[in-house]
Amino acid sequence: MGIIVIWIAINAIGSSRISSNYHVKAFCNNPLITEKKIALTFDDGPSSYTLEVLALLKKYNAKATFFCIGKNIKAHPEIVKQIIAEGHLIGNHSYSHSKFFDFYNAEMIAEEIRKTDRLLEKLTSKKINFFRPPYGVTTPSIRRALQATGHKVIGWNIRSLDGGTKNKDLIFNRIIKRISPGGIVLLHDTAPHSVFVLEQFLQFLQENNYTVISIEELLNLKAYEN
Numbered sequence: 043m044g045i046i047v048i049w050i051a052i053n054a055i056g057s058s059r060i061s062s063n064y065h066v067k068a069f070c071n072n073p074l075i076t077e078k079k080i081a082l083t084f085d086d087g088p089s090s091y092t093l094e095v096l097a098l099l100k101k102y103n104a105k106a107t108f109f110c111i112g113k114n115i116k117a118h119p120e121i122v123k124q125i126i127a128e129g130h131l132i133g134n135h136s137y138s139h140s141k142f143f144d145f146y147n148a149e150m151i152a153e154e155i156r157k158t159d160r161l162l163e164k165l166t167s168k169k170i171n172f173f174r175p176p177y178g179v180t181t182p183s184i185r186r187a188l189q190a191t192g193h194k195v196i197g198w199n200i201r202s203l204d205g206g207t208k209n210k211d212l213i214f215n216r217i218i219k220r221i222s223p224g225g226i227v228l229l230h231d232t233a234p235h236s237v238f239v240l241e242q243f244l245q246f247l248q249e250n251n252y253t254v255i256s257i258e259e260l261l262n263l264k265a266y267e268n
């Protein structure tokens with residue numbers, strides 16, 4: 043009985059921590075980078091707040107990767123076009139971002155990924171290579187789905203938790219305590235408090251001589267295939 047409990051605990055922790063590489067290989071940072079360079083990523087858009095995020099990124103001359111939900115791409119294709127036009131990267135974040143995504147079988151997950159890819163490929167004219175699983179949870183079914191679709195999983199090592207709290211000071215302090223060269227920051231482009239923290243954070247990076255670079259440059263991976 044004790045062995046079963048331990049196995050369940052290990053499996054739960056491994057599945058919920060994207061950096062564990064328990065089920066799939068996830069690229070969460072680049073420890074080889076020693077210069078003050080980090081990458082910014084945004085989940086769950088596009089939304090009306092994405093426009094405010096884009097304005098701030100332009101103001102501070104920073105590039106980011108947006109992991110978009112398929113149903114939101116369908117609702118806001120013009121915002122996705124703007125993301126691309128302004129030199130940012132796009133990744134796949136499933137079609138529905140369902141609370142039950144972790145319980146889907148491999149065929150359902152693969153279809154969610156492909157459905158979102160089809161929407162993005164109409165806007166980019168390129169094959170999407172990057173995928174970020176909803177909630178950062180991985181499972182054997184997600185592994186099997188990715189074996190079929192061929193996507194690379196992009197994680198993070200600096201999680202802001204702005205999706206779970208609106209406390210701006212808590213979010214900001216959490217990020218700056220964890221910032222280090224080669225890191226990948228996770229934020230969301232779906233709420234006003236996240237936009238507020240983003241400007242604070244971009245100011246902090248500027249004042250501390252950090253440079254925001256793309257995920258492609260940070261990880262030496264290609265976001266698209268022609």
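The number in our numbering is simply the position in the sequence shown, starting from 1, with 42 added.
Quick reminder that beta carbons are idealized off the backbone N, C-alpha and C, glycines included.
Contact check, residue i vs residue j, beta carbons under 7 Å
{"i": "residue 244", "j": "residue 146", "result": "no"}
{"i": "residue 172", "j": "residue 157", "result": "no"}
{"i": "residue 224", "j": "residue 75", "result": "yes"}
{"i": "residue 205", "j": "residue 161", "result": "no"}
{"i": "residue 200", "j": "residue 81", "result": "no"}
{"i": "residue 139", "j": "residue 109", "result": "no"}
{"i": "residue 232", "j": "residue 91", "result": "yes"}
{"i": "residue 265", "j": "residue 96", "result": "no"}
{"i": "residue 241", "j": "residue 98", "result": "yes"}
{"i": "residue 251", "j": "residue 78", "result": "yes"}
{"i": "residue 228", "j": "residue 236", "result": "no"}
{"i": "residue 119", "j": "residue 143", "result": "no"}
Buried or exposed (CB count within 10 angstroms, at least 16 for buried), residue i
{"i": "residue 174", "result": "buried"}
{"i": "residue 129", "result": "exposed"}
{"i": "residue 85", "result": "buried"}
{"i": "residue 152", "result": "buried"}
{"i": "residue 267", "result": "exposed"}
{"i": "residue 187", "result": "buried"}
{"i": "residue 261", "result": "buried"}
{"i": "residue 263", "result": "exposed"}
{"i": "residue 89", "result": "buried"}
{"i": "residue 114", "result": "buried"}
{"i": "residue 192", "result": "exposed"}
{"i": "residue 83", "result": "buried"}
{"i": "residue 154", "result": "buried"}
{"i": "residue 207", "result": "exposed"}
Span of the beta strand (DSSP E) around residue i
{"i": "residue 197", "result": "Unbroken run through residue 197: none, as it is neither H nor E."}
{"i": "residue 79", "result": "79-85"}
{"i": "residue 132", "result": "131-134"}
Three-state class that DSSP yields for residue i in the structure shown
{"i": "residue 170", "result": "strand"}
{"i": "residue 215", "result": "helix"}
{"i": "residue 257", "result": "helix"}
{"i": "residue 228", "result": "strand"}
{"i": "residue 26", "result": "The question about residue 26 has no answer here: the residues shown for the chain are numbered 43 through 268."}
{"i": "residue 264", "result": "coil"}
{"i": "residue 111", "result": "coil"}
{"i": "residue 201", "result": "strand"}
{"i": "residue 106", "result": "strand"}
{"i": "residue 151", "result": "helix"}
{"i": "residue 59", "result": "coil"}
{"i": "residue 207", "result": "coil"}
{"i": "residue 51", "result": "In this prediction, residue 51 has a pLDDT of 48, which is less than 50 and means its spatial position is unreliable; what the coordinates show is noted afterwards. Residue state, collapsed to three classes: helix."}
{"i": "residue 252", "result": "coil"}
{"i": "residue 183", "result": "helix"}
{"i": "residue 176", "result": "helix"}
{"i": "residue 158", "result": "helix"}
Span of the alpha helix (DSSP H) around residue i
{"i": "residue 100", "result": "90-101"}
{"i": "residue 143", "result": "Counting along the chain, residue 143 falls outside any alpha helix (DSSP H), and DSSP gives it neither H nor E."}
{"i": "residue 71", "result": "From DSSP, residue 71 is part of no alpha helix (DSSP H); its letter is neither H nor E."}
{"i": "residue 244", "result": "234-249"}
{"i": "residue 120", "result": "119-127"}
Practice problem: Evaluate the contact criterion for the region 247-267 versus the region 87-105: three or more CB pairs, one atom per stretch, below 8 Å. | Solution: Verdict: yes, contact present.
Practice problem: Indicate whether the contact test is met: 3 or more Cβ pairs, each with one atom in the region 59-72 and one in the region 207-216, closer than 8 Å. | Solution: no
Quiz item: Counting Cβ pairs closer than 8 Å, one from the region 214-222 and one from the region 169-189, do we hit at least three?
Solution: no
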